[in-house]
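Just below is one structure, and these are the notes that go with it.
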Amino acid sequence: MEPDRTVQLRATGGSHSVTADRSWNTWAYGDGVPGPELRVAEGDVLRATVTNDLQEETTVHWHGVPVRNAMDGVPGLTQPPIDPGSSFEYTFRAEPAGTYFYHSHVGLQLDRGLYGPLIIEESDPHVEYDREFVLVLDDFLPGEPRLPEGFGGGMGGSGGMGGSGGMMGDTRPPYEGLLVNGHLPSDPPEFTVEESERVRLRFINASSATVFQVGVAGHDLSVSHADGRPVEPVSAGSFVFGAGERYDAIAEVAEPGSWEIRASAVDGNEPPARAVLRAGDGDSSPTALQSFGSRLRYSDLRALSPVEGVDGRPDRTFDLTLSAGGGGSYSWAIGGQTYPDADPLRIAEGDHVRVRMANRSPVLHPMHLHGHFFQVGDAVKDTVLVPGHMGEVTFDFVADNPGEWLFHCHNLYHLHAGMARVFEYR
Ligand code: C2O
Ligand code: CU
1 MEPDRTVQLR ATGGSHSVTA DRSWNTWAYG DGVPGPELRV AEGDVLRATV
51 TNDLQEETTV HWHGVPVRNA MDGVPGLTQP PIDPGSSFEY TFRAEPAGTY
101 FYHSHVGLQL DRGLYGPLII EESDPHVEYD REFVLVLDDF LPGEPRLPEG
151 FGGGMGGSGG MGGSGGMMGD TRPPYEGLLV NGHLPSDPPE FTVEESERVR
201 LRFINASSAT VFQVGVAGHD LSVSHADGRP VEPVSAGSFV FGAGERYDAI
251 AEVAEPGSWE IRASAVDGNE PPARAVLRAG DGDSSPTALQ SFGSRLRYSD
301 LRALSPVEGV DGRPDRTFDL TLSAGGGGSY SWAIGGQTYP DADPLRIAEG
351 DHVRVRMANR SPVLHPMHLH GHFFQVGDAV KDTVLVPGHM GEVTFDFVAD
401 NPGEWLFHCH NLYHLHAGMA RVFEYR
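Under full-length UniProt numbering, residues 1 to 426 are what the sequence shown spells out, in order.
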């Protein structure tokens, strides 16, 4: 494939400012967190040469884009990891259009800051807007990520990490705050528009372990895309999304002023991430969001192009529990098995595959499938949040992209503790 666009990404250590007077020694692509925005037209062939300047192995995964298997960036499954000092070329056709991101798929590197936005522009958007901004949300961990220890109890509550943060508190590292585009809330990024413009906000949850609730003071959001896929515009006061999910929403800025864009952790106590939407001049301090408005539900979403071939009876159904692994060490399981010591989930090209997940743990799990979009109700997504305490979610996909594809929890600490399986084409 001859590339239409070539980019260089360098995974490297460095110091980045998170407020006017505070910086952070971490790892990043190039010289900032998030990494550079990659923006291409739908259908373009993108070639990204990734150079590893770290002291350890790395890879890059193009989250949500149904690339060829060999370009998917899963170490030990789709490619050997990139050694320190070497590089790797990823080449793939950028389609379909949508809001995506790229990130390291090795260990806990994502929580260091190895992520950046990937925008594939549609030639003819189904919604009108005057300008757009990308907001990448993250949880701020200034030190070295470490796996929690000793939570094998399953239902939380007693012992291990289960006690402190209530029922949701099992696995979040001690985050110091939450970030929009690499900024702590004391130094929020500002997005400037003209009065009476419609602005498209592309929200990406690139955090490692945070479920965010997002709202904009003084504005309802018209949600236009879920995980990059177009939906019938639906109005909501706020939305909740887990690690790996994306929403695009239009806000109509009717009058001059400035308003807070707020993203709070639903299961943490850090100060909320903030940005400011500003129209017209004046340096008034932004109107704060008083409380989150009505929350978008998955059942509100109607995809404009549903997944084809998932009506009727599935060729294969997998019933998978989501649970703590047990055994005294920190582990998480899908269908009672812990990656990499887990059986592949075997499918065949052309299959209509149904996955039924039942959550046997108290915590939320944002479950992500590589290489395919799936149908969940009337929505089309690649990552779906499964509620805690017996929450159940079913999705369907068509096996149309042969290879070995990871299916996992996008809470990085759960993934690292084994919460992954592989769909394997035979
Ligand atoms: Cu965004 Cu397997 O990852
Ligand atoms: Cu999880």
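Beta carbons: idealized from backbone N, C-alpha and C, even for Gly.
Predicted model, so just to flag it, every value in this text is computed and none were measured.
Restricted to the stretch 28-60, the beta strand (DSSP E) segments that are unbroken, complete and at least 3 residues in length are 38-41 and 45-52, listed in chain order. Taking a contact as a CB-CB distance under 8 Å, the pair residue 24 and residue 114 does not count as one, their CB atoms being some 13 Å apart. Of all residues, those with a beta-carbon under 6 Å from at least one heavy atom of the ligand C2O are 61, 63, 103, 105, 244, 368, 370, 406, 408 and 410, reported in chain order. With contacts defined as CB atoms closer than 7 Å, residue 278 and residue 176 fail to qualify as a contacting pair. Between residue 60 and residue 74, the C-beta spacing is not below 7 Å. By the Cβ criterion, the stretch 255-262 is in contact with the stretch 280-296, since at least three pairs of Cβ atoms, one from each stretch, lie closer than 8 Å. Under the DSSP assignment, residue 413 falls in the alpha helix (DSSP H) whose first and last residues are 412-416. Taking C-beta separations shorter than 7 Å and ignoring five residues to either side along the sequence, the partners of residue 87 in its chain run 49, 50, 51 and 52, following chain order. Exclusion of the five residues before and after residue 12 leaves 53 as the residues of its chain whose Cβ lies within less than 6 Å of its Cβ. DSSP assignment within the UniProt domain "Plastocyanin-like" (170-277) yields the following whole beta strand (DSSP E) runs of 3 residues or more, N-terminal first: 177-180, 190-193, 197-205, 212-216, 221-226, 229-236, 239-241, 246-253 and 257-265. Distance from the Cα of residue 397 is smallest, within the candidate group 383, 390 and 389, for 383. The beta carbon of residue 132 is closer than 8 Å to those of 199, 200, 201 and 202 in its chain, skipping five residues each way along the sequence. Inter-residue distance for residue 172 and residue 266 is about 12 Å (C-alpha atoms, whole angstroms). Following the DSSP letters along the chain, one finds residue 120 inside the beta strand (DSSP E) bounded by residues 115-121. In summary, residue 311 is exposed, with fewer than 16 beta-carbon neighbours lying within 10 Å of its beta-carbon over all protein chains present. With a 10 Å radius around the Cβ and a threshold of 16 neighbouring Cβ atoms, residue 366 comes out buried. Judged by DSSP in its simplified three-state form, residue 69 adopts helix.
A residue is called buried when at least 16 other Cβ atoms come within 10 angstroms of its Cβ; residue 35 meets this threshold and is buried.
Pairing residue 364 with residue 211 gives a Cβ-Cβ distance under 7 Å. Straight through space, the alpha carbons of residue 241 and residue 299 are spaced by roughly 14 Å. Rounded to whole angstroms, residue 353 and residue 77 show a C-alpha spacing of 21 Å.
Inclusion of residue 94 and residue 7 in the CB contact set at 7 Å is not warranted, their separation being larger than that value.
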